[in-house]
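Participant:
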Amino acid sequence: MNEKFRQALPIIETLKRHGHEAYFVGGAVRDFLLDRPIGDVDIATSALPQEVISLFPKTVPVGIEHGTVMVIYKGTSYEVTTFRTEGRYEDYRRPAEVTFVRSLEEDLKRRDFTMNAIAMNERGELIDPFGGKAALEKQLIETVGAAAERFSEDALRMMRALRFVSQLGFSLAVDTKQAIEQHGHLLEKIAIERITVEFEKMLCGPFVHQAFPLLIETNLFLYLPGLSEKKEPLAKMSAYQWRRLHDRIEAWALFVYLLDVDPHSFLRKWKLPNHVIRDVSVCLQGLTEIREKDDWTIDRLYRYGQKYMPLIETVRATLKDESAATDELAARLAALPIQERKQLAVNGNDVMAWFGRERGRWIAETLETIERAVLHGEVKNEKEAIKEWLLACNQKQEKNC
Ligand SMILES: Nc1ccn([C@@H]2O[C@H](COP(=O)(O)OP(=O)(O)OP(=O)(O)O)[C@@H](O)[C@H]2O)c(=O)n1
Ligand SMILES: [Mg+2]
1 MNEKFRQALP IIETLKRHGH EAYFVGGAVR DFLLDRPIGD VDIATSALPQ EVISLFPKTV
61 PVGIEHGTVM VIYKGTSYEV TTFRTEGRYE DYRRPAEVTF VRSLEEDLKR RDFTMNAIAM
121 NERGELIDPF GGKAALEKQL IETVGAAAER FSEDALRMMR ALRFVSQLGF SLAVDTKQAI
181 EQHGHLLEKI AIERITVEFE KMLCGPFVHQ AFPLLIETNL FLYLPGLSEK KEPLAKMSAY
241 QWRRLHDRIE AWALFVYLLD VDPHSFLRKW KLPNHVIRDV SVCLQGLTEI REKDDWTIDR
301 LYRYGQKYMP LIETVRATLK DESAATDELA ARLAALPIQE RKQLAVNGND VMAWFGRERG
361 RWIAETLETI ERAVLHGEVK NEKEAIKEWL LACNQKQEKN C
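At position 279 of the sequence shown (counting the first as 1) the number is 279 in the UniProt record's numbering, and the numbers step up by one without a gap.
(1) Given Met115, which residues of its chain have a CB within under 6 Å of its CB, disregarding the five upstream and five downstream residues?
(2) Would the beta-carbon of Asp40 be found less than 7 Å away from any heavy atom of ligand 2?
(3) Assign Leu126 to one of three DSSP states: helix, strand, or coil.
(4) Could you round the C-beta distance between Asp40 and Glu79 to whole angstroms and report it? I think they count as a contact, below 8 Å.
(5) For Ile157, which option in Arg372, Leu108 and Glu198 has the closest C-alpha, if you only look at C-alpha atoms?
(6) Can you tell me whether Gly27 sits near ligand 2, meaning its C-beta is under 7 Å from at least one heavy atom of the ligand?
(7) Which runs of the alpha helix (DSSP H) spanning at least 4 residues fall entirely within the UniProt domain "CCA-adding enzyme C-terminal" (244-390), listed in chain order?
(8) Check the C-beta distance from Thr76 over to Gln7 and give it rounded, since I have them as a contact under 8 Å.
(9) For Arg332 and Leu375, I'd like the C-alpha separation in whole angstroms.
(10) Comparing alpha-carbon positions, which option in Glu384, Phe355, Gly348 and Ile338 lies nearest Gly377?
(11) Tell me which residue opens and which closes the beta strand (DSSP E) that Met70 is part of.
(12) On the CB-based measure, 16 or more other CB atoms within 10 Å of its CB, does Asp279 come out buried or exposed?
(13) Would Val346 be called buried (16 or more neighbouring beta carbons within 10 Å of its own) or exposed?
(14) Thinking just about the alpha-carbon of each residue, which of Leu344, Glu105 and Thr82 is nearest to the one in Val98?
(15) Measure the Cβ-Cβ separation of Val165 and Ala211 and say whether it is below 8 Å.
(16) Report, in whole angstroms, the separation of the C-beta atoms of Ala173 and Ile216, which I expect to be a contact under 8 Å.
(17) Quick one: residues in its chain with C-beta nearer than 6 Å to the C-beta of Met1, no 5 flanking neighbours on either side, listed in chain order?
(18) Check whether the region 238-246 and the region 188-202 are in contact - that is, three or more C-beta pairs closer than 8 Å.
(19) Roughly how many angstroms lie between the CA atoms of Thr45 and Glu51, to the nearest whole one?
(20) Looking at the strands, I want to know which residues DSSP matches up with Met120.
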């Protein structure tokens, strides 16, 4: 058994000692069987939420109406969820009510895909009534029972199907895919933020080139923010080596670049956090400049700096299908006299003292002039040298006037 499960074993044992059933479930079991890094370890139990709370010293009632209690044990939090079926569904979103049940199999039956409906007991034995392990071996994403029912219960599962394709490189079972084609419109009922989480995981997956064609084949793209008119660029996405990218900012930047849309309004539709929108927009600005001129000038290196240069360069290289020159550019950046304004040897107070003038816009303008000159090696980044250079410069200007 993996270390992460071993650490959580005492939770299962405590529940069992008090006469309850308890199992590891969900993504952790799936990823363990796939020999992939394991995320959060989740536990399903026959104990009711109040019983769970009474058995452990540190708990947080994170989703008690859905039967979930967070148990904090040795500094790690575990979601412990009571066996449940989801009752009536209103609006194809959240269960209108949950019904707690006493059997594990009932609980597994309401889960999305067979690979996610495998339980594991304290001895590492699998309880797999729906053939999840076989699906993992066949690399198949198939719903537990009728696909139409599972997607009507929670339409987000259609997006989850595509993100699992992208993360695992699996295929969709035929009826699962057909049901997505028929139920795509239900996505309109789902909160954008939840869709965005899954879509972003899809964009960042190593097999995203397999997921893009499915967006089109299933028509899901029609129901995603800002994509309904973008069939053509979407069809070309798979031609690029998305695996070269390292993070969400680069993935969104490449996506937006290829869609050829205004980054701000497009990314706002996805309700992404403002800092993500800003970072992607800066990247796209840099990308456009560098693609147009096809070079990293000193000014651009300095402007985009160590924060944005690697992102821009990675996306640029991916677009051109060449290797990124990030290391070389980082060395060039490090060799510049300064890497950011705060490294200037002078500040606004110095400038004010030298000229004996009042505060005003001129200070910022002067600092910009100094910054440019230092960056391009016209003057050393030393206080006295800058003062001399600046006063000489000023005299020249006055004579010119
Ligand atoms: N819409 C959903 C979301 C989740 N689940 C079930 O709840 C488990 C845990 O959900 P979650 O943590 O959201 O997904 P994981 O499958 O664990 O994937 P990840 O590793 O990305 O967390 C899933 O495995 C699945 O059994 C479900 O049936 N339907
Ligand atoms: Mg999980």
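In this text, a Cβ means the ideal position worked out from N, Cα and C, and glycines have one as well.
Facilitator: From the atom records:
(1) Arg30, Gly132, Ala135 and Leu136
(2) yes
(3) strand
(4) 7 Å
(5) Correcting the residue type first, residue 157 is Arg in the shown sequence and not Ile. Nearest of Arg372, Leu108 and Glu198 to Arg157, Cα basis: Glu198.
(6) It does: the Cβ of Gly27 is within 7 Å (strictly closer) of some heavy atom of ligand 2.
(7) 248-259, 263-269, 274-293, 298-320, 326-335, 348-355 and 361-375
(8) 7 Å
(9) 12 Å
(10) Ile338
(11) Thr68 to Tyr73
(12) buried
(13) buried
(14) Thr82
(15) Against a cut-off of 8 Å, the Cβ pair of Ala211 and Val165 comes out as a contact.
(16) That belief does not hold up - the Cβ atoms of Ala173 and Ile216 are roughly 19 Å apart, past 8 Å.
(17) Gly124
(18) These segments do not touch.
(19) 10 Å
(20) Phe24 and Leu126
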